[in-house]
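*Asks:* Have a look at the structure that comes next, please.
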Amino acid sequence: MIVFFVIPLALTVVWSVFERTMFWMEPAFTLFSYENFFFSSRLENFLSSMMHSSISVVCAFFIGFPIAIFIRRRVKKVAQHRVMLLFILPFMVSEIIRIFALRPILSRNGVVNSFLMDMNIIDSPISIFVFTPTGVVIGEIVSFLPFMIFSTFLALEAIPNYIFEVCSDLGVNRKRMFLDIFFPLAAPGLFAGSVFIFVNGIGIALIPTILGGPGSVNAGLIATQAIIALDFPLAMAVSAIMMFTLMGLLYIGHRLFNLTKLLEPIS
Amino acid sequence: MSVRDDFQPQWKLALKWGWLAFAVFILMAPTFYTVYISFNELGFGAKYYIFTFQWYESVFSDRQLIGALGWTMLLALITLPIVIPFGLLSAKLYKQSSKKVWIVFVLLSPLFVPADILASALLVFFKNLNKFFTFIADFTGFYALESWFDLGIMTAVIGLIVYTLPYVFVVIMITMARYRNEQTEAARDLGASAWRAFWEIEFPQIRAGVFSACAFVVILTFNEYTRTSLLKGGFDTFTSVLISQMLNTGMSEESYAMASIVSLVAIIIVSSILIFTALRSEELEKVTRKVKEPNK
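Protein chains in written order, with numbering that gives the first Met the number 0: chain A, 0 to 266; chain B, 0 to 295.
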């Protein structure tokens with residue numbers, strides 16, 4: 000892992016300052032690739048993909064967190080893992096198949112629009128579900144929601160039952176229970192899930208390619224397009240920026256919440 | 000036991016179960032839709048639906064798909080015997096180590112790195128390694144090393160190992176969590192070698208996790224696109240054929256059928272593992288209860 004994961008990622012910083020040649024790159028120190036990234040429409044695309052990913056994180060929080068709390072609190076201990084495993088099944092189907100099948104489901108003549116029109120909820124088809132930023136957000140939620148549920152549940156699983164019993168005995172209301180117990184104790188899991196969705200949202204090219212339409216570009220797409228254009232230093236600059244974003248977020252998360260706590264229930 | 004609120008109205012509980020079921024349904028909807036289309040004689044986008052097995056029958060005459068399937072299977076079969084022992088060793092190292100943060104960082108951070116970014120970094124890394132080995136070969140006259148890191152099966156397998164190892168590690172860790180290390184210590188005290196203690200005492204107890212990890216590796220290899228497509232060199236994998244059809248000509252009906260087969264096989268394998276482990280853990284709990292409370 001050190002040779003084929005840590006070193007290649009660390010070396011992206013070195014390669015990003017190399018000079019571009021016709022088909023490859025040569026050792027030099029130039030910040031041209033970073034200029035090329037920060038002083039062009041690429042930065043705008045990167046920032047807008049960050050915004051879409053942030054929206055996906057918020058949506059995944061509101062959908063996934065109540066599910067994780069429900070499983071932890073209301074489902075019998077022996078059945079909790081079984082219910083969690085329901086969310087593994089979608090993960091086991093190829094992301095390509097899942098994302099691509101969303102196109103006919105969400106398109107103007109797709110299943111969702113047909114259903115809404117048959118139910119007389121809408122008069123004409125809604126066209127913002129695919130080939131728009133909304134399509135990207137929907138794709139990210141469908142792709143990454145299980146991870147938010149897993150990591151949050153893992154954090155909640157470490158909370159001993161007596162804490163809930165004490166709260167119940169003391170008559171703590173739901174709002175305080177949520178703000179003082181669930182939210183702070185699930186924070187490492189929420190953070191890990193959020194980082195996963197955020198970073199993959201800005202880094203996986205497949206979702207904007209299939210669901211985002213022509214103007215939808217994220218960091219992953221910029222990197223792969225740069226490789227296709229044989230601009231390796233630019234691809235490495237994008238990779239380095241992504242790596243620093245990820246490392247920065249993980250470091251902050253670890254300092255704040257000690258992310259290794261997440262593995263306590265299984266170690 | 001979970002804490003249950005007896006005063007909660009039944010309709011609220013039903014609503015929460017409904018929300019959970021709805022979320023699972025939404026996540027599975029694209030897969031269900033693919034399967035649904037694969038049985039339509041008129042294919043995708045048709046106004047009418049005529050049920051047929053025709054596309055499944057003709058799947059096996061699509062040489063490109065079958066060829067890609069063969070390559071993907073080969074990748075899975077090469078990755079498997081490498082990544083599973085790595086995962087086992089990593090899990091054991093994690094349990095024994097005092098510096099858990101670093102092990103977790105190295106083993107789990109590939110989960111967080113987007114596929115396109117890691118694949119780009121590995122691609123450039125392999126190209127540089129190739130240049131380095133060519134230089135060494137020219138310098139020493141030892142040409143066996145020269146094209147080791149040419150894009151091909153080996154580079155694709157390395158990409159897959161980096162991708163699947165975190166999953167293998169977590170799955171094996173979950174099964175290892177139940178294992179009590181005192182059993183190994185007892186075996187070693189009785190004169191067993193480290194290997195024998197592992198193979199005869201520990202392995203039978205974590206076997207389910209190891210087999211589950213094997214299934215996960217095969218499924219993940221079939222599902223992976225970005226890393227393999229950048230690192231594979233000249234051959235096609237199942238997902239690279241699918242994506243090229245999707246983006247260029249639109250998916251053929253045979254592709255819907257093949258996507259359905261792969262999805263359903265993955266779902267059946269994972270469901271079987273889950274049901275098997277659930278039944279086994281229930282059985283183990285019963286045995287533990289009997290040992291703890293023999294009179295009950």
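Beta carbons: idealized from backbone N, C-alpha and C, even for Gly.
Just so it is clear, the structure is predicted and the values come from calculations on it, not from any experiment.
1. Using a C-beta cutoff of 8 Å, does B:F124 count as contacting chain A?
2. Would you say B:V156 touches the ligand FAD, meaning its beta carbon is less than 7 Å from a heavy atom?
3. Just curious, the alpha helix (DSSP H) that A:N217 is in, first and last residue?
4. Take the Cβ of B:M0 as the centre, count every other Cβ of all protein chains shown within 10 Å, and call the residue buried at 16 or more, exposed below.
5. Which residues bound the alpha helix (DSSP H) around A:N160?
6. Would you report the Cα separation of B:A300 and A:V237, rounded to the nearest angstrom?
7. Going by DSSP, what residue range makes up the alpha helix (DSSP H) through A:S113?
8. Do you know whose CA, among A:F22, A:V77, A:L205, A:I54, lies nearest A:E156's CA?
9. Buried or exposed: which applies to A:K75, given that a residue is buried once 16 or more other Cβ atoms fall within 10 Å of its Cβ?
10. When the Cα of B:M172 is compared with those of B:V209, B:E181, B:I49, which residue comes out closest?
11. Is it buried or exposed, B:S108, if we count other Cβ atoms within 10 angstroms and call 16 or more buried?
12. Do A:L233 and A:N44 come within 8 Å of each other at the CB atom, strictly closer than that value?
13. Could you name the residues of chain A that B:F43 contacts, counting a contact when the two beta carbons are closer than 7 Å?
14. If I measure Cβ to Cβ from A:G202 and keep anything under 6 Å in the same chain, skipping five residues before and after, which residues do I get?
15. Any beta carbon of chain B sitting closer than 8 Å to that of A:G202?
16. Whose C-beta lies closer than 7 Å to the C-beta of B:L122 among residues of the same chain, with five residues either side of it excluded?
17. Provide the residue(s) that pair with B:N39 in DSSP beta bridges, ordered along the chain.
18. If we call anything under 8 Å between Cβ atoms a contact, is B:T236 one with B:W70?
19. Would you be able to state if there are at least three C-beta pairs under 8 Å between the segment 56-74 of chain A and the segment 142-157 of chain A?
20. What does DSSP give as the partner residue(s) for A:E18 in the beta ladder?
21. Could you tell me the distance, in whole angstroms, from the CA atom of A:T244 to the CA atom of A:S53?
22. In chain A, which residues lie less than 8 Å from B:K15 when you measure between Cβ atoms?
23. With a threshold of 8 Å between beta-carbons, can A:I96 be considered close to chain B, or not?
24. If you count every other CB in all the chains shown that lies within 10 Å of the CB of A:I251, and 16 or more means buried, which is it?
25. Could you give the first and the last residue of the continuous alpha helix (DSSP H) run that contains B:A303?
26. Which first and last residues belong to the alpha helix (DSSP H) in which A:P132 is found?
27. Return the CA-CA distance between B:F141 and B:V161, expressed in angstroms with no decimal places.
28. Using a Cβ-Cβ cut-off of 6 Å (strictly less than) and excluding sequence neighbours within five positions of B:D115, which residues of its own chain qualify?
29. Is the Cβ of A:V141 closer than 8 Å to any Cβ of chain B?
30. Is B:Y162 helix, strand or coil when you go by DSSP?
31. Which residues of chain A have a Cβ atom closer than 9 Å to the Cβ of B:S192, listed in chain order?
32. Check the Cβ of A:T11 against every Cβ in chain B and list those closer than 7 Å, keeping chain order.
33. On a CA-only basis, which of B:F21, B:E284, B:C213, B:A118 is nearest A:L85? Give me that one, please.
34. What's the gap between the Cα of A:S317 and the Cα of A:R71?
35. If you follow the alpha helix (DSSP H) that A:K260 is part of, which residue opens it and which one closes it?
36. Who are the neighbours of B:V82 on chain A, taking C-beta pairs under 8 Å?
*Replies:* This is what the structure gives:
1. yes
2. Although the ligand FAD was asked about, the structure shown includes no ligands whatsoever.
3. Unbroken run through A:N217: none, as it is neither H nor E.
4. Confidence is the limiting factor: at B:M0 the pLDDT is only 43, short of 50, which leaves the residue's position unreliable and the question unanswerable from this model.
5. 160-168
6. No information on residue 300 of chain B is available, as it lies outside the stretch 0 to 295 that chain B covers here.
7. 110-117
8. A:V77
9. exposed
10. B:V209
11. buried
12. no
13. P103
14. A218, G219, M241
15. yes
16. L229, L230
17. B:F50
18. yes
19. yes
20. A:E25
21. 14 Å
22. P65, F69, R73
23. yes
24. exposed
25. Missing from the structure shown is residue 303 of chain B; chain B here goes from 0 to 295 and no further.
26. 132-156
27. 29 Å
28. T225
29. yes
30. helix
31. Under the 9 Å cutoff, chain A gives no residues; its nearest Cβ is about 26 Å from B:S192.
32. A120
33. B:F21
34. Here chain A comprises residues numbered 0 to 266, so residue 317 of chain A is not present and cannot be evaluated.
35. First-last for A:K260: undefined, no H or E at that position.
36. Per Cβ cutoff of 8 Å: no residues; B:V82 is ~11 Å from chain A at best.
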